[in-house]
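Heads up, the thing below is written out as structure tokens.
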Amino acid sequence: MQKKTWILNISVFIFQIFTYSKALDITQYGAVGDGVTDDSQAFLKAWEAVCSGAGDGQLIVPAGMTFMLQPLKFEGSCKSTPIVVQILGNLIASSRGRWKGSKDQWILFSDIEGLVVEGNGEINGQGSSWWEHKGSSRPTALKFKSCNNLRVSGLTHVDSAMAHVHINGCNDVTISNLRINAPESSPNTDGIDIAVSSNVVIQDCIIATGDDCIAINSGTANIRISGIDCGPGHGISIGSLGKDGEIASVEDVCVQNCNFRGTMNGARIKTWPGGSGYARRITFNGITLDNVENPIIIDQHYNSGDSDKSTDDKSSAVEVSKVVYSNFVGTSKSEYGVNFRCSERAPCREIFMKDVKIETASSGFGQVAQGQCLNVRGGVSTLAVPGLECLALSTDMLAWGEVPEQACMLPQQSVQPNTRPLQDPLWVYGSRGKRLGVYNVVLTSLVSFGFTFVLG
């Protein structure tokens, strides 16, 4: 009887080896990882394998190595769902002088269902070689197109030539715990851009760039942003919307519990003259400001950052309505804490402010910042400084009526896919993927042996 039990344990041991050794390591496909050799083809071969069903849907970029890559496209559809790409090493882009291929983006994932991109590795866009060529095409570092049920977490993004992360045509997206960093002087280096996407959650990220920390563009709905530390940068922006006569749509956006430090803007909505469509049901709540140039701003005269050049107030405009600013506290770098520059043709409507206290940073004596208001129709201000003549003053919360605060209720998260995430410390200190498999094998066998011993 004892002999049969030992045979059973050996069988379990072998089974576990086959279970845990399936994950594909990028170096198995010829990637060198010395930071100089072009590893692009190795990555494409590994992707073809994992997308075809190999590796149990898991692909590893091992720690302690740097992989230089030319522009890459990882495309679906894939047999495996979900696909888990764990980036523990570093990815570095080719410099501008050695760039080969499309300048639209550096790394593209498209048409993949249930994609997970995670890890503590770094994605370096080598942007400094591009920034002086501001007027020419520059690639976005990491783009996701038509990827539903997408999860991105843990990575560090550095010095993209253009935007660092771009989400386009995706539904059910969660982005969390990213660190994004580029110099304040770097042009158009947005942290995260969202377009034509819905049900997007962005949370607990640290973003410092030369442009918007997060930009929410047309075609978006049900966007939840929380726990963002932004600065330097241009704040969190709705837009720009309506450029070149665009019919824009943005609705049901919540930005809450965010910090802005030394940014050009805090909570911003920007639209171009001549556009149409709407931006509505937008809430900014629980915002901390530290020396922010424009803490609260709606600008329907946006013109590539220079609103003074836009003088045609008779043209059409994207309609801005049902916007809530609540629980703001902190300082403004300028004399203005609130600036509503709305269109005469399409005035801003139903603007609400509650529990807002913005002081000027330069005074040092707690001087209240000023507010200015142009073409706002309807709205209520409660316990807000600076006060605005265009908003009715009220201490009665019932006067708020049907304020769209429900936009800030976080949606119930969908059930996360069973991705069987790999354990970072074992990958970092082990021999790439193989050590993790052996570790789990030994653990399983020991547990089984102990169980048998007790029963015996």
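If you use mature numbering (1 follows the signal peptide of the UniProt record, and there is no 0), the sequence shown corresponds to residues -23 to -1, 1 to 433, in order.
We treat Cβ as the ideally placed atom computed from N, Cα and C, and that holds for glycine.
Where does Tyr279 fall in DSSP's three states? Taking the first residue of the sequence shown as position 1, residue 279 is located at position 302. Tyr279: coil per DSSP, three-state reduction.
- Under 6 Å Cβ to Cβ from Asn199, same chain only, skipping five residues before and after it: list those, please. Within the sequence shown, the letter at position 222 stands for residue 199. Only Ser175, Asn176, Asp229 meet the Cβ criterion.
In or out: Ala369 buried (at least 16 other Cβ within 10 Å) or exposed?
One-based indexing of the sequence shown puts residue 369 at position 392. Exposed, by the Cβ-count rule.
query = Of all the beta strand (DSSP E) runs that stay within the bounds of the stretch 137 to 180, which reach a length of 3 or more residues?
reply = Counting only runs of 3+ residues, the beta strand (DSSP E) found wholly inside the stretch 137 to 180 occupies 142 to 145, 148 to 153, 156 to 158, 169 to 172, in chain order.
_Whole angstroms are fine: how far does the CA of Tyr255 sit from the CA of Gly216?_
Counting from one through the sequence shown, the residue named residue 216 turns up at place 239. Counting from one through the sequence shown, the residue named residue 255 turns up at place 278. Whole-angstrom Cα-Cα distance: 11 Å.
What span of residues does the alpha helix (DSSP H) with Leu21 cover, start to end?
-> On the sequence shown, residue 21 is found 44 positions in, with the first residue counted as 1. Leu21 -> alpha helix (DSSP H) spans 17 to 28.
Would Ser123 and Ser79 qualify as a contact pair, given that the criterion is a beta-carbon distance under 9 Å? In the sequence shown, counting from the first residue as 1, residue 123 sits at position 146. In the sequence shown, counting from the first residue as 1, residue 79 sits at position 102. Taking the C-beta atoms as reference points, Ser79 is found no nearer than 9 Å to Ser123.
Practice prompt. Check whether the Cβ atoms of Pro39 and Val93 lie closer than 9 Å to each other.
Written response: Against the sequence shown, residue 39 aligns to sequence position 62. Against the sequence shown, residue 93 aligns to sequence position 116. No.
Query raised in the report: According to DSSP, is Ser105 helix, strand or coil?
Result: Mapped onto the sequence shown, residue 105 falls at position 128. Note: Ser105 maps to helix in three-state DSSP.
Given this structure, state the Cα-to-Cα distance separating Lys(-2) from Gly53, to the nearest angstrom. As a working note, residue -2 is residue 22 in the sequence shown. As a working note, residue 53 is residue 76 in the sequence shown. Taking the straight line joining both Cα atoms gives about 20 Å.
| task | Report buried or exposed for Val297, applying the criterion of at least 16 other Cβ atoms within 10 angstroms of its Cβ. | result | Here residue 297 is taken as the residue at index 320 of the sequence shown, counted from 1. Buried: at least 16 other Cβ atoms inside 10 Å.
Margin query: By DSSP's criteria, Asp2 is part of a beta bridge. Which residues make up the other side?
Written below: Start at 1 with the first residue of the sequence shown, and residue 2 comes out as number 25. Answer is Ile37.
Is the CB-CB distance between Leu68 and Phe44 below 9 Å?
In the sequence shown, the residue the question calls residue 68 occupies position 91. In the sequence shown, the residue the question calls residue 44 occupies position 67. Cβ atoms of Leu68 and Phe44: closer than 9 Å.
**Study point:** Where Ala198 falls: helix, strand or coil (DSSP)
**Key:** Taking the first residue of the sequence shown as 1, we reach residue 198 at position 221. Secondary structure at Ala198: strand, using DSSP grouped into helix, strand and coil.
Worksheet item: From Thr359 to Phe51, what does the alpha carbon distance come to, in whole angstroms?
Response: Locating residue 359 in the sequence shown gives position 382, where the first residue counts as 1. Locating residue 51 in the sequence shown gives position 74, where the first residue counts as 1. Each residue's Cα considered, the two are about 51 Å apart.
- Query: Can you tell me whether DSSP reads Asp221 as helix, strand or coil?
  - Reply: Here residue 221 corresponds to residue number 244 of the sequence shown, with the count starting at 1. Helix at Asp221.
**Asked** Which parts of the stretch 300 to 360 are runs of the beta strand (DSSP E), unbroken and 3 residues or longer, counting only runs that do not cross its ends?
**Response** Within the stretch 300 to 360, complete beta strand (DSSP E) segments of at least 3 residues are found at 313 to 318, 325 to 337, 347 to 351, given in chain order.
Can you tell me the Cβ-Cβ gap for Asn126 and Glu95, rounded? I've got them flagged as a contact below 8 Å. Position 149 of the sequence shown, counted from the first residue, corresponds to residue 126. Position 118 of the sequence shown, counted from the first residue, corresponds to residue 95. About 14 Å separates the two Cβ atoms, so there is no contact after all.
My output table needs one value for Gly66: the three-state DSSP class, helix, strand or coil. Here residue 66 is taken as the residue at index 89 of the sequence shown, counted from 1. Coil, per DSSP.
- request: Determine the DSSP secondary structure at Ala256, reduced to helix, strand or coil.
  value: Taking the first residue of the sequence shown as position 1, residue 256 is located at position 279. Of the three classes helix, strand and coil, the one that applies to Ala256 here is strand, per DSSP.
Check whether the stretch 188 to 195 and the stretch 204 to 214 are in contact - that is, three or more C-beta pairs closer than 8 Å. The stretch 188 to 195 vs the stretch 204 to 214: in contact.
Item checked: Alpha-carbon to alpha-carbon, Ile157 and Thr133 -> Along the sequence shown, read from residue 1 onward, the residue named residue 133 stands at position 156. Along the sequence shown, read from residue 1 onward, the residue named residue 157 stands at position 180. Computed Cα separation, rounded: 6 Å.
- Across which residues does DSSP place Ile205 in a beta bridge pair? In the sequence shown, the residue the question calls residue 205 occupies position 228. In the DSSP assignment, Ile205 is bridged to Cys182.
Notebook entry, point to check: If you run the structure through DSSP and keep just helix, strand and coil, what is Arg73?
Noted result: Translated into the one-based positions of the sequence shown, residue 73 becomes position 96. Annotated three-state conformation of Arg73 is helix, per DSSP.
Discussion item. Once DSSP output is grouped into helix, strand and coil, what is the label at Ala294?
Written reply: Sequence index remark: in the sequence shown, residue 294 carries index 317 (1-based). When secondary structure is reduced to three states using DSSP, Ala294 falls in the coil class, being assigned neither helix nor strand.
Quick check on DSSP: helix, strand or coil for Gly7?
Taking the first residue of the sequence shown as 1, we reach residue 7 at position 30. Taken through DSSP and simplified to helix, strand or coil, Gly7 comes out as coil.
Worksheet entry | Pairwise C-alpha distance: Leu49 and Leu85 | What you label residue 85 is simply residue 108 of the sequence shown in a count that begins at 1. What you label residue 49 is simply residue 72 of the sequence shown in a count that begins at 1. Going by the C-alpha atoms only, they are around 6 Å apart.
With distances taken from CA atoms, which of Ile275, Ser72, Arg322 is nearest Cys350?
Here residue 350 refers to the residue found at position 373 when the sequence shown is read from its first residue. Checking every option, the nearest Cα to that of Cys350 belongs to Ile275.
* Asked: Which of the three DSSP states, helix, strand or coil, is assigned to Gly216?
  -> Counting from 1 along the sequence shown, the entry for residue 216 is found at position 239. Strand at Gly216.
request  = Look at the alpha carbon of Pro250 and the alpha carbon of Asn165, and state the distance between them as a whole number of angstroms.
outcome  = Here residue 250 corresponds to residue number 273 of the sequence shown, with the count starting at 1. Here residue 165 corresponds to residue number 188 of the sequence shown, with the count starting at 1. Note on geometry: alpha-carbon atoms of Pro250 and Asn165 lie some 21 Å from one another.
Consult DSSP for Arg397 and reduce its assignment to one of helix, strand or coil. Within the sequence shown, numbered from 1, the residue matching residue 397 stands at position 420. Unreliable placement is indicated for Arg397, whose pLDDT of 38 sits below 50; no coordinate value is reported for it.
Item to check | According to DSSP, residues forming a beta bridge with Arg245 | outcome: Within the sequence shown, numbered from 1, the residue matching residue 245 stands at position 268. Answer by DSSP bridge pairing, in chain order: Ser214, Ile274.
| message | With DSSP as the reference, identify every bridge partner of Thr43, one or two as the case may be. | response | Numbered from its first residue, the sequence shown carries residue 43 at position 66. According to DSSP, Thr43 bridges with Asp11, Asn67.
*To which residues of the same chain is Pro388 closer than 6 Å at the C-beta, ignoring the five residues directly before and after it?*
Position 411 of the sequence shown, counting from 1, holds the residue named residue 388. In this prediction, Pro388 has a pLDDT of 44, which is less than 50 and means its spatial position is unreliable; what the coordinates show is noted afterwards. Excluding sequence neighbours, Pro388 sits near nothing in its chain.
- [ ] Return helix, strand or coil for Gly364, following the three-state DSSP convention.
- [x] If you number the sequence shown from 1, residue 364 lands on position 387. Gly364 falls in the coil class under three-state DSSP.
>> Our contact map puts Ala172 next to Ser137 with C-beta atoms below 8 Å; I'd like the distance itself, whole angstroms only.
In response: Reading the sequence shown from its first residue, position 195 is the one you call residue 172. Reading the sequence shown from its first residue, position 160 is the one you call residue 137. Cβ-Cβ separation between Ala172 and Ser137: approximately 17 Å, too far for a contact (criterion under 8 Å).
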